[in-house]
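Residue numbers (our numbering), protein chains in the order written: chain A, 126 to 675; chain B, -3 to 356.
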């Protein structure tokens, strides 16, 4: 507190020097304070705007700095209700047990009979105050060569038309701003230039808005279009409607891309869940109804590792997803192998019974997790490098977490492909898939291949659970949401084929995501179902069926 | 003479008729017990329907809940319409959607004869169309099971919608009168229970006759070796379609009997879980025997009634363990138990005889 006081005092002295040097300034500032004290929304807004212009009146950086500091001081006092006014319209700022003159910042005393009242901050005044404060902060930062915070830029973005134009043009002239921020400022300027009568200004504004197409710029332009009077020059009308069309097209493309994108990320998870099913189905003719539960277990193992890291190695927390990968794969794979060894191996000749047995396993797993963890959704910590994203096209936002999921699935796809096509284990798997007896006769341990592939399939499903943990809800019954789609993928894609599974996962995933928001989940399922029924009319074993001996 | 399942069928039918007769003469019974027995009888009929398909024709459907729901939803629509006409209080979903009258597909549903025709027609059409496209393209085994599961899941999602006119996720309930009787009361429960038992018995008898008939023999042949039958010049699609449609109608009848007894229908009867549970009853009871699945349904749903009250957390574990154990060690379900016991005795016997020989 003492530090603050000495600091304020030194600033005060500096201001006192500069302000008193110029009588004009003193007049301006008291008019501004008077406007703020008026307690009327329009006058207060005008005063705030005047305050904004006042900060950039001088060209001397030192004066600008002082004025900006003063403006920030006044605005913060106003929003904190520390600015109090006398009935005559002079303002004071209340400190802890002191009173300062709002114009000179000097300690003063007021007669006790004078009633001091804080001006009421009306709803329309608040955003103006916020925006003027933000621009003033930016000006202060640019004068003192500090970095301009993104937060103040964001608040400008909310109501660009209220930004003080003189402050804005001052900021745009500064050379020490990074290019990204200049772009944002130009966008703000464009919103202001839309009001301009000058045609060149107007067309520059339109060009900038077209470059930064968004839902917001479209709304602003449509508003302008409807306000254009019929007598307005034809070129203006035409330019506006051209710009609107261009932005609309871009937005549509952006929307299409974002549907495609979230479809891709859903497909990635479906692929991870279904590839194991497809391999095991091709190998043993067994469909594992507990595959969805392996997804769930993968997500829960990730959660446990996150919690362990949080309590024992907090520094590693941001990397818990990466750390979890081997654990999830090995543990879910191990559970899968245990289930194969204890239950499924007894049932190879009776695939339909395996459906029931694995259903029993799935009930068991769901309820075990429910008893251990409860039914609520788990909360996952999203590491900072997965938060947010980048806007590419129109409204199309590439979020990092979905991108990571897609990348992860591609990686797993490559590894699986290498495993199946380039390793001895893969040769064995393919041999047993094509002809189990013959494979056994030439010395392949078919039992080992069975256990290992089942473990592989379960491990991959577990990885799907890891990949979706930061995107979807994680609870004990989450498996059922994915399992029906995963089956569809296997039936559509065909048995034991990686490419078939990939293609089917893409189809099912994108159809689901594209149809669901518009026509509902049912329509999406109906379309996928119809697709499957049509496909099996011509290719009963799925899109890519291997020729195998039965 | 009659075989075991025929005897059981006739016995059940007689029991049901006796119950109806006694009740109409004024014999009073416990409403709870009647309700319980009636519901289990409906489940047993459902199990029988899947057994006819899976046990005798080798086709596993994991979507039999669909036909159960067709019967159940249509009878619920009938009850809703009757209640609405009689009392004028609109069902919840109409209030919710702000409708003044029931949607057009409730047309004429207040007549019981029309209701029965509608159930038969809808079930036959749905099962025929789906069965034809699947069987024609030779979708079999696990593929067929998965597709039927997807089908029932899809319909469940549709029924969860509130604008469908079928009650949405709350379902349909609040019936005031059931087939001209007051909705609650021991007499109604006894009548419904008797009806269910009698229907179950008749269906069991009919199924026995069916599987003994030439069609039934063809069904068995399809189960054993479909390709060989096809090579012999038999159109297996027709046989499978017949089995599939009959089974669907039996399931719809089960739904028709079940819903008035529980007094509510909602989309959970379409959940894939219920459909798999039906398969579990059949597998536990023993597919390929007509009495086994009925036994399986009675045992499991009876246990469920008791245990979900006593130990709700424990029941899923018991069910899972039961299924896994039976599937692994007793491929033909509980119907195998007698042969297990017999082989145990045989082994015991041979053991003692060896002992006897070694000591001359």
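C-beta atoms are modelled at their ideal positions from N, C-alpha and C, and glycine is treated no differently.
Could you please give me the residues that DSSP links to residue i through a beta bridge?
| i | result |
| --- | --- |
| residue 665(A) | Answer is none; residue 665(A) lacks a bridge partner. |
| residue 173(B) | 178(B) |
| residue 208(A) | 218(A) |
| residue 260(B) | 169(B) |
| residue 518(A) | 521(A) |
| residue 242(A) | 210(A) |
| residue 225(A) | 218(A) and 232(A) |
For residue i, verify whether its CB is less than 6 Å away from any heavy atom of the ligand PLP.
| i | result |
| --- | --- |
| residue 426(A) | Ligands in the displayed structure: none, and consequently the ligand PLP is not present. |
Just the chain B side, please: which residues come within less than 8 Å of residue i by C-beta, in chain order?
| i | result |
| --- | --- |
| residue 492(A) | 309, 312, 313 and 316 |
| residue 400(A) | Result: empty, since nearest Cβ-Cβ is about 16 Å, beyond 8 Å. |
| residue 256(A) | Those within 8 Å of residue 256(A) in chain B number zero; the least Cβ separation is about 44 Å. |
Give the residues of chain A in contact with residue i, contact being defined as C-beta atoms less than 9 Å apart.
| i | result |
| --- | --- |
| residue 225(B) | Near residue 225(B) there are no residues of chain A at all, since even the closest Cβ is about 16 Å away, more than 9 Å. |
| residue 28(B) | Within chain A, no residue comes near residue 28(B); the closest Cβ sits about 28 Å away, beyond 9 Å. |
Taking residue i as the reference, give the member of the options with the closest Cα.
| i | options | result |
| --- | --- | --- |
| residue 348(A) | 413(A), 319(A), 375(A) and 235(A) | 319(A) |
| residue -1(B) | 285(B), 99(B) and 56(B) | 285(B) |
| residue 202(A) | 258(A), 273(A) and 275(A) | 258(A) |
| residue 237(A) | 221(A), 255(A) and 211(A) | 211(A) |
| residue 625(A) | 664(A), 609(A), 654(A) and 482(A) | 664(A) |
| residue 399(A) | 604(A), 643(A) and 380(A) | 604(A) |
| residue 45(B) | 66(B), 330(B), 290(B) and 321(B) | 290(B) |
| residue 155(B) | 652(A), 653(A) and 646(A) | 646(A) |
| residue 532(A) | 397(A), 316(A) and 368(A) | 397(A) |
| residue 247(A) | 255(A), 321(A) and 268(A) | 255(A) |
| residue 330(B) | 309(B), 295(B), 192(B) and 340(B) | 295(B) |
| residue 277(B) | 210(B), 42(B), 134(B) and 102(B) | 42(B) |
| residue 314(A) | 301(A), 328(A) and 303(A) | 328(A) |
| residue 131(B) | 166(B), 70(B) and 240(B) | 240(B) |
| residue 73(B) | 292(B), 98(B) and 303(B) | 98(B) |
| residue 657(A) | 615(A), 593(A), 622(A) and 644(A) | 615(A) |
| residue 230(A) | 273(A), 205(A), 642(A) and 216(A) | 216(A) |
| residue 252(A) | 375(A), 601(A) and 169(A) | 169(A) |
| residue 403(A) | 177(A), 636(A), 445(A) and 618(A) | 618(A) |
| residue 584(A) | 420(A), 390(A), 596(A) and 667(A) | 420(A) |
| residue 412(B) | 163(B), 312(B), 61(B) and 254(B) | In the structure as shown, chain B begins at -3 and stops at 356. Residue 412(B) is therefore absent and cannot be evaluated. |
List, in chain order, every chain A residue whose beta-carbon is nearer than 8 Å to that of residue i.
| i | result |
| --- | --- |
| residue 145(B) | 609 and 612 |
| residue 272(B) | 414, 480, 481 and 484 |
For residue i, go through chain B and note every residue whose CB falls closer than 7 Å to its CB, in chain order.
| i | result |
| --- | --- |
| residue 489(A) | 313 and 316 |
| residue 96(A) | Outside the shown range of chain A (126 to 675) lies residue 96(A), about which nothing can therefore be said. |
Please list, in chain order, the chain A residues whose beta carbon lies closer than 7 Å to that of residue i.
| i | result |
| --- | --- |
| residue 108(B) | Those within 7 Å of residue 108(B) in chain A number zero; the least Cβ separation is about 31 Å. |
| residue 275(B) | 481 |
| residue 150(B) | 647, 650, 651 and 654 |
| residue 357(B) | Residue numbering for chain B in the displayed model covers -3 to 356; residue 357(B) lies beyond these limits and cannot be assessed. |
| residue 142(B) | 412, 612 and 616 |
Using a cut-off of 9 Å between C-beta atoms, extract the partners of residue i located in chain B.
| i | result |
| --- | --- |
| residue 420(A) | Per Cβ cutoff of 9 Å: no residues; residue 420(A) is ~16 Å from chain B at best. |
Review point. For the region 119 to 140 of chain B, which residues have a beta carbon sitting closer than 9 Å to at least one beta carbon of chain A?
Key: 126, 129, 130, 132, 133, 134, 135, 136, 137, 138 and 139
Exercise for review: Give the residues from the region 305 to 330 of chain B that approach chain A closer than 7 Å (Cβ to any Cβ), ordered along the chain.
Suggested key: Residues passing the 7 Å Cβ filter: 309, 312, 313, 315, 316, 319, 320, 323, 324 and 327.
Practice item. Anything in the region 152 to 186 of chain B with a Cβ closer than 8 Å to a Cβ of chain A? List those residues in chain order, please. Key: 153, 154 and 157
Practice item. Select from the region 461 to 477 of chain A all residues with a C-beta closer than 8 Å to any C-beta belonging to chain B, and list them in chain order. Key: 468, 471, 472, 475, 476 and 477
Practice item. Pick out the complete alpha helix (DSSP H) segments inside the region 247 to 301 of chain A, 4 residues or longer, and give them in chain order. Key: 250 to 268, 275 to 283 and 290 to 298
Check your understanding: Any residues in the region 42 to 73 of chain B with a beta carbon nearer than 8 Å to a beta carbon of chain A? Which ones, in chain order?
Key -> In summary, the residues of the region 42 to 73 of chain B whose CB is separated from some CB of chain A by less than 8 Å are 50, 56 and 58, in the order they occur in the chain.
Practice item. Return the chain-ordered ranges of every beta strand (DSSP E) run that is complete within the region 336 to 392 of chain A and spans a minimum of 3 residues. Key: Fully enclosed beta strand (DSSP E) runs of 3 or longer: not present.
Practice item. Anything in the region 76 to 109 of chain B with a Cβ closer than 8 Å to a Cβ of chain A? List those residues in chain order, please. Key: none
Practice item. Go through the region 440 to 518 of chain A residue by residue and report every complete run of the alpha helix (DSSP H) that reaches 4 residues or more, in order. Key: 445 to 467 and 476 to 498
Review point. Which ranges would you report for the alpha helix (DSSP H) in the region 595 to 650 of chain A if only whole runs of at least 4 residues count?
Key: 604 to 618
Exercise for review: At 4 residues or longer, and completely inside the region 522 to 595 of chain A: list those alpha helix (DSSP H) runs for me, N to C.
Suggested key: 525 to 547, 549 to 559, 561 to 566 and 571 to 593
Practice item. Within the region 71 to 124 of chain B, note down every full alpha helix (DSSP H) run reaching 4 residues or more, in order along the chain. Key: Complete alpha helix (DSSP H) runs here, min 4: 88 to 93.
Review point. The region 287 to 306 of chain B: which residues have C-beta closer than 9 Å to a C-beta of chain A, in chain order?
Key: Cβ contacts with chain A: none found.
Exercise for review: Residues of the region 283 to 311 of chain A with a CB closer than 9 Å to any CB of chain B: list them in chain order, please.
Suggested key: none
**Study point:** the region 613 to 646 of chain A: positions lying closer than 8 Å to chain B by Cβ
**Key:** 613, 615, 616, 645 and 646
**Study point:** Under 9 Å (Cβ pairs) to chain B, residues found in the region 520 to 549 of chain A
**Key:** none
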